[in-house]
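Whatever position you read off the sequence shown (first residue = 1), add 573 for the numbering used here. For every residue, glycine included, the Cβ atom is placed at its ideal position computed from N, Cα and C. Fair warning: this is a prediction, and the values are worked out from it, not measured in the lab.
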Amino acid sequence: MTIQQVARPGIAKTLPDFLVIGAAKAGTSALYQYMREHPQIFMPAKEIRYFAYDGGEEARDREVRFGKHHFEVKSLEAYQALFAPADPSLSWGEIAPIYLESPSAPRRIRELIPDVRLIASLRNPVHRAFSGYVMQVRSGREHRPVHEAFDPAAHHVQAGFYHAQIKRYLDLFPREQLMLILYEEFARDNKRTLRDTFEFLGVDPDFEPPLHQKHNVSTYPKSRLFNSLIENRLTRDMLRPAMPGWLRHLARRAKKSNLGKPPRIPPVVHAHLLDIYREDILRLQDLTRLDLSSWLKPPA
């Protein structure tokens with residue numbers, strides 16, 4: 574099926590009606606779990622990442638960093654097959670935070686589904702960067718101490734420069750097709766945020782999912798040395814698959830018992846990151862007309 578056939582009105586629906594495009598570490602896991610509970614919404618697995626796979630340097634770099642299975646769906650036919658079981662009368666959607674970071678995703682989305690509704694959840698980039706660092710430590714990919722881990726080139730820092738990311742979409746899509754959610758408002762009143770989201774998607778706004786359930790709660794290893802031993806690539810890719818089931822079970826229990834609450838952002842790191850992001854926050858505020866003054870406050 575060609576792009577022209579997919580985009581042409583009057584044929585059978587084969588692609589999503591909406592996409593939640595990010596940002597990472599900004600509540601997208603909770604959005605996914607709450608939204609998929611809605612009886613008028615169909616969503617396949619989270620983070621399929623199809624629109625971020627262009628077969629070029631960007632995709633190859635991510636496969637090197639995150640593994641060869643990072644992009645499990647690479648063809649249009651395979652992507653459409655994920656939605657084939659769904660009732661066409663439902664609102665179909667997908668969530669992939671990589672779509673906000675990816676330079677190629679907006680163009681690929683525009684070519685296939687120009688009328689798609691887009692939702693971006695944005696979190697204070699200082700807090701987002703620290704949360705990203707915590708996740709990288711937990712996954713065994715980050716070994717630097719906290720005071721050395723926030724140079725502007727680090728991925729968990731780069732991901733918070735929202736102005737260029739949002740502008741790429743607004744250059745291709747009408748503003749009314751993009752809904753912006755502030756993570757801080759979502760965390761403070763998730764019921765209201767979900768109601769606004771459902772209304773934006775044209776489904777019943779009065780539906781309330783089980784909001785008492787918490788999703789993707791951040792954790793941090795109590796012992797970084799132990800965590801690095803069980804999360805390094807050799808252990809994950811070679812040793813773990815060869816372990817008997819009982820030993821893998823013990824390893825999972827040990828890993829879980831080593832996780833606790835993440836630390837608070839050190840004030841010096843907060844101030845450093847705010848200096849990095851200040852200009853970008855102001856540019857994003859001008860672009861979106863959102864009030865982002867709370868993001869510019871110095872550390873308490």
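Asked	Found
Got a sec, what are the start and stop residues for the alpha helix (DSSP H) Ile-621 sits in?	Careful: Ile-621 lies outside any alpha helix (DSSP H) and carries neither H nor E.
Could you give the C-beta distance for Val-593 and Thr-587, rounded to a whole number, given that I count them as a contact under 8 Å?	Wrong, their Cβ atoms sit about 19 Å apart, outside the cutoff.
So, with DSSP's three-state summary, where would you put Val-593?	strand
Measure the CB-CB distance between Leu-743 and Leu-751 and report whether it falls below 8 Å.	yes
Suppose contacts are defined by Cβ-Cβ distances below 8 Å. Is Ala-669 in contact with Glu-620 by that definition?	yes
How should Asp-660 be labelled, buried or exposed, when 16 other C-beta atoms within 10 angstroms of its C-beta is the threshold for buried?	exposed
Quick one: grab the DSSP three-state call for Glu-631.	helix
Beta-carbon within less than 8 Å of Val-699's beta-carbon, same chain only, minus the 5 sequence neighbours each way: which residues are those?	Gly-733, Ile-838, His-843, Leu-846, Leu-847, Tyr-850 and Trp-868
May I ask you to report which of helix, strand or coil DSSP gives Ser-704?	helix
When you compare only the Cα positions, how much space is there between Tyr-672 and Gly-713?	24 Å
Taking Cβ to Cβ, would you say Glu-715 is nearer than 8 Å to Gly-595?	no
Tell me whether Arg-761 sits in a helix, a strand or coil according to DSSP, three-state version.	helix
I'd like to check one pair, Ser-704 with Lys-598: are the Cβ atoms closer than 8 Å?	yes
Taking just the CA atoms, how far does Met-608 sit from Lys-766?	Looking at the sequence itself, residue 766 is Thr, so the reference to Lys does not match. One C-alpha to the other measures close to 11 Å.
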